[in-house]
Amino acid sequence: MFCPKCKAEYREGFTRCSSCDIELVNEIHEKHEKKHMKDETEIEYIEYDLVMTTFSAMDISLIKSILEDNNIAYFIQGESNVNMVGGLPARVLVKREHAEKAGEILKDCSFSYRTIL
Ligand SMILES: [Zn+2]
690 MFCPKCKAEY REGFTRCSSC DIELVNEIHE KHEKKHMKDE TEIEYIEYDL
740 VMTTFSAMDI SLIKSILEDN NIAYFIQGES NVNMVGGLPA RVLVKREHAE
790 KAGEILKDCS FSYRTIL
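Add 689 to a position in the sequence shown, counting from 1, and you land on the number used in the working numbering.
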């Protein structure tokens, strides 16, 4: 058992930290890390919008050069999965303030396969 505040370790049977007067927890580190990772994922979704998905690695390199030419902040999820049979498409995400502009630019391009959202 651990105190989440002062990190003191207690033997089985103890339920409260005698210094901090708060509930002890079973595993302090695991809980803390899981919460941290969850928060990071949420931040990504707040700042970035999904503008399109594609199964084509050629499209991805084209999209990258277009976005870079226009100074649009982006990242691509699942890029390494696109050539796998039955795999998930890569997801192109751009920073929210650029999402509208990126959508306009990508609409005018011809891709081998695409889903504009
Ligand atoms: Zn404590």
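Glycine included, every Cβ here is placed at the ideal spot set by N, Cα and C.
{"Item": "Could you tell me which residues DSSP puts in a beta bridge with residue 737?", "Value": "784"}
{"Item": "Out of curiosity, what's the CA-to-CA distance linking residue 779 and residue 754?", "Value": "16 Å"}
{"Item": "For ligand 1, is there a heavy atom less than 7 Å away from the beta-carbon of residue 796?", "Value": "no"}
{"Item": "How about residue 697: is its Cβ closer than 7 Å to a heavy atom in ligand 1?", "Value": "yes"}
{"Item": "For residue 761, which of helix, strand or coil comes out of DSSP?", "Value": "coil"}
{"Item": "Exposed or buried, which one is residue 710 when buried takes at least 16 other CB atoms within 10 Å?", "Value": "exposed"}
{"Item": "Taking just the CA atoms, how far does residue 752 sit from residue 794?", "Value": "10 Å"}
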